[in-house]
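Here's the structure we're looking at; comments come further down.
2 protein chains.
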Amino acid sequence: MTEPQIEPQSAGVVAPATARFDDVLRLRSGGRLDGYELVYEIYGELNAARSNAVLVCHALSGSHHVAGRYADEDEDSGWWNNLVGPGKPLDTRKFFVIGINNLGGCNGSTGPRSLNLATGRPWGADFPFVTVEDWVDAQARLADELGIDSFAAVIGGSLGGMQALSWTLQYPERVRHAAVIASAPKLSAQNIAFNEVARQAILTDPDFHDGHFYEHGVAPERGLRLARMVGHITYLSDDAMGEKFGRSLCHGKAVYSYGIEFEIESYLRHQGDKFARQFDANTYLLTTKALDYYDPAFAHGGDLIAALAAARAGFLVVAFTTDWRFAPARSREIVYALAHNGCDVSYAEIDCPAGHDSFLLADPQYHAVLAAWFDRIEV
Amino acid sequence: MTEPQIEPQSAGVVAPATARFDDVLRLRSGGRLDGYELVYEIYGELNAARSNAVLVCHALSGSHHVAGRYADEDEDSGWWNNLVGPGKPLDTRKFFVIGINNLGGCNGSTGPRSLNLATGRPWGADFPFVTVEDWVDAQARLADELGIDSFAAVIGGSLGGMQALSWTLQYPERVRHAAVIASAPKLSAQNIAFNEVARQAILTDPDFHDGHFYEHGVAPERGLRLARMVGHITYLSDDAMGEKFGRSLCHGKAVYSYGIEFEIESYLRHQGDKFARQFDANTYLLTTKALDYYDPAFAHGGDLIAALAAARAGFLVVAFTTDWRFAPARSREIVYALAHNGCDVSYAEIDCPAGHDSFLLADPQYHAVLAAWFDRIEV
Numbered sequence: 386m387t388e389p390q391i392e393p394q395s396a397g398v399v400a401p402a403t404a405r406f407d408d409v410l411r412l413r414s415g416g417r418l419d420g421y422e423l424v425y426e427i428y429g430e431l432n433a434a435r436s437n438a439v440l441v442c443h444a445l446s447g448s449h450h451v452a453g454r455y456a457d458e459d460e461d462s463g464w465w466n467n468l469v470g471p472g473k474p475l476d477t478r479k480f481f482v483i484g485i486n487n488l489g490g491c492n493g494s495t496g497p498r499s500l501n502l503a504t505g506r507p508w509g510a511d512f513p514f515v516t517v518e519d520w521v522d523a524q525a526r527l528a529d530e531l532g533i534d535s536f537a538a539v540i541g542g543s544l545g546g547m548q549a550l551s552w553t554l555q556y557p558e559r560v561r562h563a564a565v566i567a568s569a570p571k572l573s574a575q576n577i578a579f580n581e582v583a584r585q586a587i588l589t590d591p592d593f594h595d596g597h598f599y600e601h602g603v604a605p606e607r608g609l610r611l612a613r614m615v616g617h618i619t620y621l622s623d624d625a626m627g628e629k630f631g632r633s634l635c636h637g638k639a640v641y642s643y644g645i646e647f648e649i650e651s652y653l654r655h656q657g658d659k660f661a662r663q664f665d666a667n668t669y670l671l672t673t674k675a676l677d678y679y680d681p682a683f684a685h686g687g688d689l690i691a692a693l694a695a696a697r698a699g700f701l702v703v704a705f706t707t708d709w710r711f712a713p714a715r716s717r718e719i720v721y722a723l724a725h726n727g728c729d730v731s732y733a734e735i736d737c738p739a740g741h742d743s744f745l746l747a748d749p750q751y752h753a754v755l756a757a758w759f760d761r762i763e764v
Numbered sequence: 386m387t388e389p390q391i392e393p394q395s396a397g398v399v400a401p402a403t404a405r406f407d408d409v410l411r412l413r414s415g416g417r418l419d420g421y422e423l424v425y426e427i428y429g430e431l432n433a434a435r436s437n438a439v440l441v442c443h444a445l446s447g448s449h450h451v452a453g454r455y456a457d458e459d460e461d462s463g464w465w466n467n468l469v470g471p472g473k474p475l476d477t478r479k480f481f482v483i484g485i486n487n488l489g490g491c492n493g494s495t496g497p498r499s500l501n502l503a504t505g506r507p508w509g510a511d512f513p514f515v516t517v518e519d520w521v522d523a524q525a526r527l528a529d530e531l532g533i534d535s536f537a538a539v540i541g542g543s544l545g546g547m548q549a550l551s552w553t554l555q556y557p558e559r560v561r562h563a564a565v566i567a568s569a570p571k572l573s574a575q576n577i578a579f580n581e582v583a584r585q586a587i588l589t590d591p592d593f594h595d596g597h598f599y600e601h602g603v604a605p606e607r608g609l610r611l612a613r614m615v616g617h618i619t620y621l622s623d624d625a626m627g628e629k630f631g632r633s634l635c636h637g638k639a640v641y642s643y644g645i646e647f648e649i650e651s652y653l654r655h656q657g658d659k660f661a662r663q664f665d666a667n668t669y670l671l672t673t674k675a676l677d678y679y680d681p682a683f684a685h686g687g688d689l690i691a692a693l694a695a696a697r698a699g700f701l702v703v704a705f706t707t708d709w710r711f712a713p714a715r716s717r718e719i720v721y722a723l724a725h726n727g728c729d730v731s732y733a734e735i736d737c738p739a740g741h742d743s744f745l746l747a748d749p750q751y752h753a754v755l756a757a758w759f760d761r762i763e764v
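The listed protein sequences derive, respectively, from chains A and B. For what it's worth, the working numbering labels the leading residue of the first sequence as 386, then goes sequentially. For what it's worth, the working numbering labels the leading residue of the second sequence as 386, then goes sequentially.
Okay, structure coming up:
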């Protein structure tokens, strides 16, 4: 029997691990979890000084599976596989990389699908609201568990970037560098509006059953599908969509039906269908709320400079010119506030056509910036 | 009894009229209507030369009720009331203005709610697909009926602008001027994508019943509500939404619920609820498809210059800097093609913060441009 081929720079075959926590976790929402599990994955090796750990924080639909593949797969399937591996920008020959599924997630960590011991049924919509800050607290406990006092870096894109930023404020002594990519210091009204449409699609789906759909053997797939379709529009730039799909007609001409006519319709429906089968609607709801609530300046009367004063890390902030979900101006707000506070901050604005999704792609300029930044980090 | 106060520049108390057509109308979709009714309203008086008529074409959710108010109302309720009236930019002392509800509409003209004589039940989703060109054909028949050989002007915003443009191509000898406002020569992939999300919201609503929901005594209000919420996001600019709503919290702080927390959520839900009670889901579907299909250059291999070669009218093209649904670049495509063909075309790019919705507002610069343009038109 021939071993399957593994690409030279692959993180290889990986397997998730589970950490169990029995201490109470008090949440910003006033809720609490008396115990919980976090699923995570590791790539590379922790050095003797335990100083080379990098935490990768995921965005709305990500997970702990950042790089490599599982034993039963033929190809690498990690969501940031192009970034993480031996010889890749986040080089696993140098760094010990950790991917984690956030609390409230649907990929193995304790979340709405988990059993609520108090009721004997799945948490469903009763799962307490979790915030970016709560996630960081939970991640810090995992770091304790793994014996990591201080991260060489925390990195994330979009909602993941908010977690990276929050790490530098909640645990300034525990994170030496932070990469905040395609992110924002808070959502705009328009960002919240898109999230609200997604939530209303799920909440008003008759199969939602007030969030306890598991017991009914159904799922609000119609709503989740619509939510994902709306999301996808905001992940791509108008130009990227135009170049990829334009007004191409699947049948070469108008056929006058509500079936698929334009290729963009086919793409959106496919993305929506796929996501609705895999993802959990309650996790989607929780996660969009965490996005909406994130606003470190709120407690400082809206003053972002004051809010970021606690940060001690060295920063890399990256934005993409065609990202209209979190436009470069939003990243620059973070850069200005950090620079004003005397932080060591690098800023790169990458001219990649793919919109918000650019942060997931292997744009050469983008990856060169990341590679150089990680290369300079001492471990 | 005191007469209600009417503002000096009001079009006053108006009443809709109905025109009945018994000739077959063949549609671009291959469908046909053996007879139909069009509801319209008039403001001002047709002059003796019958040369002062202006047709106002409506957009997605508009109607024939352009200006003034109905006898049982206390206030003017026309959707373009700020534009049309005595002394207003489209001055009814000079012009005879006509508003019309398009075929397939839900405000009185023959549409999905009307009885399909072939089946004895409402048309529902069996109502034939109608295009911008079909609407213009139907409008031309109304002009025949009213004894109007040639319009002094045809004006419309957004989808209404597409009708105004199409008039100049389908009936170049019957339209002397055309105002194409906040419009585009065709939808982009992103525009189609938003329409597709709206359609999927309606089509997958369990209350849609394949478009024959009237017989079930229900309506796909959940879907229509979501469609309208998505639409509203695209009608406003990010900045306008930010200025109007920002991140204002209805309760002053996060309360961690799926109820209304941010003011933008309240606004969107209200707009969605209101629309879902009033509008017809089948009309919404048909109208978004008419938008998607509109592409006069398609028959010319994508060559817009060739497509617009038939136009003889004098044009005013207006775009708004903050309109990201139909950005100024889309209007400029029309302007360039018209100018290349030697047409008389004026172009105004108005710096109004309200996004696509600007075309409905009384921005002083915008209205000054319109007033001057209408003033120069000889009748």
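Glycine included, C-beta positions come from ideal geometry on N, C-alpha and C.
Three-state secondary structure (DSSP) at Met386(A)?
In the first sequence, the residue the question calls residue 386(A) occupies position 1. Its pLDDT being 46, under 50, Met386(A) is placed unreliably by the model, and nothing is read from it.
Confirm, please, whether the CB-CB distance from Ala438(A) to Phe481(A) is below 7 Å.
Here residue 481(A) is taken as the residue at index 96 of the first sequence, counted from 1. Here residue 438(A) is taken as the residue at index 53 of the first sequence, counted from 1. A contact, by the Cβ cut-off of 7 Å.
Output needed for Gly472(A): all residues of its chain with C-beta closer than 8 Å, excluding positions within five of it in sequence on either side, in chain order.
Along the first sequence, one-based indexing puts residue 472(A) at 87. So the qualifying residues of the chain are Pro393, Gln394 and Arg478.
When you check each C-beta in the stretch 580-608 of chain B against every C-beta of chain A, which residues fall closer than 7 Å?
Glu581, Val582, Arg584, Gln585, Ala586, Leu588, Thr589, Pro591 and Arg607
Backbone CA spacing between Ser716(B) and Phe512(B) [nearest angstrom]
Taking the first residue of the second sequence as position 1, residue 716(B) is located at position 331. Taking the first residue of the second sequence as position 1, residue 512(B) is located at position 127. Ser716(B) and Phe512(B): Cα-Cα distance of roughly 32 Å.
Backbone secondary structure at Gly470(B) - three-state DSSP:
Reading the second sequence from its first residue, position 85 is the one you call residue 470(B). Three-state DSSP puts Gly470(B) in a strand.
In three-state terms, what does DSSP make of Tyr455(A)?
Residue mapping note: residue 455(A) aligns to position 70 of the first sequence, counting from 1. Tyr455(A) falls in the coil class under three-state DSSP.
For the 8 Å Cβ check, are there 3 or more pairs between the stretch 719-727 of chain B and the stretch 684-697 of chain B?
yes
Should Leu653(B) be flagged as near chain A, meaning a C-beta pair shorter than 7 Å?
The count along the second sequence starts at 1 and reaches residue 653(B) at position 268. Taking Cβ atoms only, chain A reaches closer than 7 Å to Leu653(B), which makes this a yes.
Are any of the Cβ atoms in chain A nearer than 7 Å to that of Ile485(B)?
Counted from its first residue, the second sequence places residue 485(B) at position 100. Taking Cβ atoms only, chain A never reaches closer than 7 Å to Ile485(B), which makes this a no.
Using beta carbons (cut-off 7 Å, strictly below), is Phe480(A) in contact with chain B?
Along the first sequence, one-based indexing puts residue 480(A) at 95. It does not: the Cβ of Phe480(A) has no partner Cβ on chain B nearer than 7 Å.
Residues of chain D with CB closer than 7 Å to the CB of Asp680(A), please, in chain order.
The question asks about chain D, but that chain is absent: this structure's protein chains are A and B.
Taking Cβ-Cβ distances below 8 Å as the criterion, which residues of the stretch 555-581 of chain A are in contact with chain B?
Lys571, Leu572, Ser573, Ala574, Gln575, Ile577, Ala578, Phe579 and Glu581
Can the beta-carbon of Gly493(A) be found less than 7 Å from the beta-carbon of Val424(A)?
Taking the first residue of the first sequence as 1, we reach residue 493(A) at position 108. Taking the first residue of the first sequence as 1, we reach residue 424(A) at position 39. In this structure, Val424(A) lies closer than 7 Å to Gly493(A) by Cβ.
Exposed unless 16 or more other CB atoms sit within 10 angstroms - verdict on Cys635(B):
Here residue 635(B) is taken as the residue at index 250 of the second sequence, counted from 1. It counts as exposed.
For the alpha helix (DSSP H) containing Gly618(A), list its first residue and its last residue.
On the first sequence, position 233 is the one that residue 618(A) refers to. The identity of residue 618(A) in the sequence shown is Ile, whereas the question assumes Gly. First-last of the alpha helix (DSSP H) with Ile618(A): Glu606 to Tyr620.
Using the Cβ count rule (16 or more neighbours within 10 Å means buried), how would you classify Val603(A)?
In the first sequence, the residue the question calls residue 603(A) occupies position 218. When all chains shown are included, Val603(A) counts as exposed.
Judging by CA-CA distance, which residue of Ala733(B), Tyr643(B), Glu422(B) and Gly541(B) is the nearest neighbour of Trp465(B)?
The count along the second sequence starts at 1 and reaches residue 465(B) at position 80. Checked all of Ala733(B), Tyr643(B), Glu422(B) and Gly541(B); the closest Cα to Trp465(B) is Gly541(B).
Mind checking if Gly463(A) is an interface residue toward chain B, Cβ cutoff 7 Å exclusive?
Locating residue 463(A) in the first sequence gives position 78, where the first residue counts as 1. No, Gly463(A) lies away from the interface with chain B (no Cβ there is under 7 Å from its Cβ).
Which residues bound the alpha helix (DSSP H) around Thr403(A)?
On the first sequence, position 18 is the one that residue 403(A) refers to. Element bounds for Thr403(A): not the alpha helix (DSSP H) but the beta strand (DSSP E), Ala402 to Phe406.
Thinking C-beta only, is Glu518(A) closer than 7 Å to Arg413(A)?
By one-based count along the first sequence, residue 413(A) stands at place 28. By one-based count along the first sequence, residue 518(A) stands at place 133. Yes, they are a contact pair.
Does the Cβ of His771(B) have 16 or more other Cβ atoms within 10 Å, making it buried, or fewer, making it exposed?
No information on residue 771(B) is available, as it lies outside the stretch 386 to 764 that chain B covers here.
Should Ile649(A) be flagged as near chain B, meaning a C-beta pair shorter than 7 Å?
As a first step, residue 649(A) is located in the first sequence; it is residue number 264 there, counting from the start. It does: the Cβ of Ile649(A) has a partner Cβ on chain B nearer than 7 Å.
Flag Phe700(B) as yes if its beta-carbon sits less than 7 Å from any beta-carbon of chain A, otherwise no.
Residue numbering aside, residue 700(B) sits at position 315 when the second sequence is read from its first letter. Judged by the 7 Å Cβ criterion, Phe700(B) is not in contact with chain A.
To which residues does DSSP link Ile540(B) through a beta bridge?
On the second sequence, position 155 is the one that residue 540(B) refers to. In the DSSP output, where bridge partners are listed per residue, Ile540(B) has Val441(B) and Ala564(B).
Where do the ends of the alpha helix (DSSP H) carrying Ser731(B) lie?
Here residue 731(B) refers to the residue found at position 346 of the second sequence. It is not in any alpha helix (DSSP H) - Ser731(B) instead sits in the beta strand (DSSP E) that spans Val730 to Ile735.
Using a 10 Å radius around the Cβ and a threshold of 16 neighbouring Cβ atoms, would you call Lys571(A) buried or exposed?
Here residue 571(A) refers to the residue found at position 186 of the first sequence. The residue in question, Lys571(A), is buried, as its Cβ has 16 or more Cβ neighbours within 10 Å.
Per the DSSP calculation, Leu423(B) is bridged to which residue(s)?
Walking along the second sequence from the start, residue 423(B) turns up at place 38. Ala404(B).
Just to confirm, is the Cβ distance from Asp624(A) to Pro738(A) under 7 Å?
The count along the first sequence starts at 1 and reaches residue 624(A) at position 239. The count along the first sequence starts at 1 and reaches residue 738(A) at position 353. For Asp624(A) and Pro738(A), yes; Cβs fall inside 7 Å.
Ranges of the beta strand (DSSP E) found wholly within the stretch 624-656 of chain B, counting only runs of at least 3:
none
Go ahead and label Val409(A) buried or exposed: buried means 16 or more other beta carbons lie within 10 angstroms of its beta carbon, across all protein chains shown.
Along the first sequence, one-based indexing puts residue 409(A) at 24. Val409(A) comes out exposed.
How big is the Cα-Cα spacing for Val764(A) and Leu701(A)?
Position 379 of the first sequence, counting from 1, holds the residue named residue 764(A). Position 316 of the first sequence, counting from 1, holds the residue named residue 701(A). Those two C-alpha atoms are separated by around 17 Å.
Could you tell me which chain B residues have their CB closer than 9 Å to the CB of Ala666(A), listed as they occur along the chain?
Position 281 of the first sequence holds residue 666(A). What Ala666(A) touches in chain B: nothing, since even the nearest Cβ is about 12 Å away.
Could you check whether the Cβ of Ser414(B) sits closer than 7 Å to any Cβ belonging to chain A?
For the purposes of this step, residue 414(B) is taken as the residue at position 29 of the second sequence. For Ser414(B), the answer is yes, since a Cβ of chain A falls inside 7 Å of its Cβ.
Gly627(B) and Ser568(A) - do their beta-carbons sit closer together than 7 Å?
On the first sequence, position 183 is the one that residue 568(A) refers to. On the second sequence, position 242 is the one that residue 627(B) refers to. Not closer than 7 Å, so no.
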